[in-house]
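Numbering (this note's numbering), first residue to last: 255 to 630. Even glycine gets a Cβ: it sits at the ideal position worked out from N, Cα and C. Since this is a predicted model, take the numbers as computed values, not measurements.
Quick look at the structure:
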C-alpha cells in the first residue's frame, strides 16, 4: 500500500456524488480508507447511478489534478483519521471527513477566534475588525474567518500585519479564490497561515457552500465575534452555529442609526455577550484555550506512544520524534525543510511539532516555520 494509493482512495470517495460525510465516516469505523472504497464498490447501497459509475470508473484526469495539487509543498489532505485532525470539528453538525489545507495545518489545532461581519462594512466596522484581530493574535490566538469582502478580509489582513496567524475557511476548492480581489490576500494566508476547504480542487463558489463554510468557521473556533451585521447577514448563521456548538459568541454594539448594527443588537438582546474591548474577549476565552492545549498535548502524546500511523502510512512512534529532535535547530525551518531532513511525512511532523510547542520546546513562526527554544 503506497501513500498515493491511500490519497487516491480518499479522493475517489470525497468526490463520489451523493456520498455524505456521515456515511463515509461510518464506513471508516469498520476499516481503513481502502477497505471503505472496496466495500462501497461491492455494495453501493443507497447511492445513485452517477455514484456507482464514478466508483467503478473514476475520472483519472481529475484525480491526477487533485494529486498534483496535493504534491505542492505546503498542501495537504487532513483526514478525520489523522491524529492531528482538529478535535473541535467532531462537535459540528455533519463533521467533515477531510479538509484540503494550503499552509500550516497545525494552526487548526491552536486556539482560534472567529471574526465575522458584513461584506459591505463601514469604515468604522473595518477599523474595529483590524483592532480586534491585531489584539487577538498578540494575545496568542489565531484569527479565523471566511475570506469574504469587508470584515473577513480586514481581520485576515490585520492578523498577518500584526505578525500573527490567520485561518481562512473558504466555500470553494482550495485552488479557487472568491472574491477574486482577494488573490494576494489568499496567497499571503497560505504562506503565513492556512487556507482550508472541505471542497476538492476546482470547486467553484456556490450559494449553498457558504453556510457549510460557516459551520466550519464556528466549529474550529473557541468563540465567534460579530462586527457589523444586518438582520439577514450570513454572520448571524455563524453566530447561531457557534452557540449551538457550545462556543462563546460576542457581538460589538454600534450606532442605532447604522443598519449594520441591527444584527449585533439582536444577538445582544438574545443573550450574546456584548464586547467593547479585545481584553474582555481574551479574558473569557483564556480558560478554554488552556484546556484545549492540555487536551491536545494528551491526545498527541497518546498518538505517539501507540505508534499510530497517519493515512499516508507514516508512523508517529518515538524513533520519529528523536529524528525530529536531531533535525530541529535554532535557525527557523519550514515544515517542508524538516520533512526533507527527516524523511517523515508532514502530517506526522505537524503532530510532533505541535506537541513540542505545547511543551514549550518549539516556537511556531510566520511562514510555516519552526525553531527550537531549548535543547530538545
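Give the secondary structure of residue i by DSSP, where H, G and I count as helix, E and B as strand, and everything else as coil.
i, result
"residue 618", "strand"
"residue 407", "helix"
"residue 265", "helix"
"residue 527", "strand"
"residue 627", "coil"
"residue 563", "Because residue 563 carries a pLDDT of 40, less than 50, the predicted location of this residue cannot be relied on, and the following value inherits that uncertainty. Of the three classes helix, strand and coil, the one that applies to residue 563 here is strand, per DSSP."
"residue 333", "strand"
"residue 475", "coil"
"residue 483", "coil"
"residue 314", "helix"
"residue 571", "Here residue 571 scores only 43 on pLDDT, less than 50, and its place in the model should not be relied on; the value that follows carries that caveat. Residue state, collapsed to three classes: coil."
"residue 549", "helix"
"residue 533", "helix"
"residue 448", "strand"
"residue 402", "coil"
"residue 260", "helix"
"residue 326", "coil"
"residue 397", "strand"
"residue 538", "helix"
"residue 416", "coil"
"residue 195", "Outside the modelled stretch of the chain, which goes from 255 to 630, sits residue 195, for which no answer is possible."
"residue 309", "helix"
"residue 470", "helix"
"residue 582", "coil"
"residue 430", "coil"
"residue 342", "helix"
"residue 219", "In this structure the chain extends from 255 to 630, so residue 219 is not present and cannot be described."
"residue 456", "coil"
Decide if residue i is buried, meaning its Cβ has at least 16 other Cβ atoms within 10 Å, or exposed.
i, result
"residue 348", "exposed"
"residue 487", "buried"
"residue 508", "buried"
"residue 528", "exposed"
"residue 293", "exposed"
"residue 523", "exposed"
"residue 374", "exposed"
"residue 468", "buried"
"residue 584", "exposed"
"residue 633", "Past the boundaries of the shown model lies residue 633; the chain is included only from 255 to 630, so the question cannot be answered."
"residue 364", "buried"
"residue 398", "buried"
"residue 548", "exposed"
"residue 611", "buried"
"residue 361", "buried"
"residue 366", "buried"
"residue 400", "buried"
"residue 462", "exposed"
"residue 510", "exposed"
"residue 410", "buried"
"residue 438", "exposed"
"residue 447", "buried"
"residue 420", "buried"
Name the two residues that bound the continuous alpha helix (DSSP H) containing residue i.
i, result
"residue 392", "377–392"
"residue 366", "Unbroken run through residue 366 is the beta strand (DSSP E), 366–371; no alpha helix (DSSP H)."
"residue 514", "It is not in any alpha helix (DSSP H) - residue 514 carries neither H nor E in the DSSP assignment."
"residue 594", "589–596"
"residue 279", "275–283"
"residue 348", "Careful: residue 348 lies outside any alpha helix (DSSP H) and carries neither H nor E."
"residue 363", "Premise fails: residue 363 is in no alpha helix (DSSP H) and is neither H nor E."
"residue 293", "287–296"
If you follow the beta strand (DSSP E) that residue i is part of, which residue opens it and which one closes it?
i, result
"residue 354", "352–357"
"residue 420", "420–423"
"residue 489", "From DSSP, residue 489 is part of no beta strand (DSSP E) but of the alpha helix (DSSP H) over 488–498."
"residue 502", "502–505"
Would you grab the beta carbon distance between residue i and residue j for me? Rounded to a whole angstrom, and I think it's under 8 Å.
i, j, result
"residue 492", "residue 370", "5 Å"
"residue 386", "residue 532", "5 Å"
"residue 476", "residue 535", "At roughly 10 Å, the Cβ-Cβ gap does not stay under 8 Å, so residue 476 and residue 535 are not in contact."
"residue 455", "residue 323", "5 Å"
"residue 288", "residue 266", "Not really, about 10 Å apart at Cβ, beyond 8 Å."
"residue 305", "residue 271", "5 Å"
"residue 474", "residue 340", "6 Å"
| At least 3 beta-carbon pairs within less than 8 Å: the stretch 395–407 vs the stretch 370–380 | Judged by Cβ distances under 8 Å, the stretch 395–407 makes contact with the stretch 370–380, as three or more pairs qualify.
| said: Under 8 Å, with one C-beta from each stretch per pair, do the stretch 476–485 and the stretch 349–356 reach the 3-pair mark? | reply: no
| field | Segment contact flag, the stretch 297–308 with the stretch 321–335, C-beta cutoff 8 Å, min 3 pairs | value | no
| query | Can at least three beta-carbon pairs, one atom from the stretch 384–400 and one from the stretch 496–503, be found at a separation below 8 Å? | reply | no
| Are the stretch 408–428 and the stretch 441–459 touching, with three or more C-beta to C-beta distances below 8 Å? | yes
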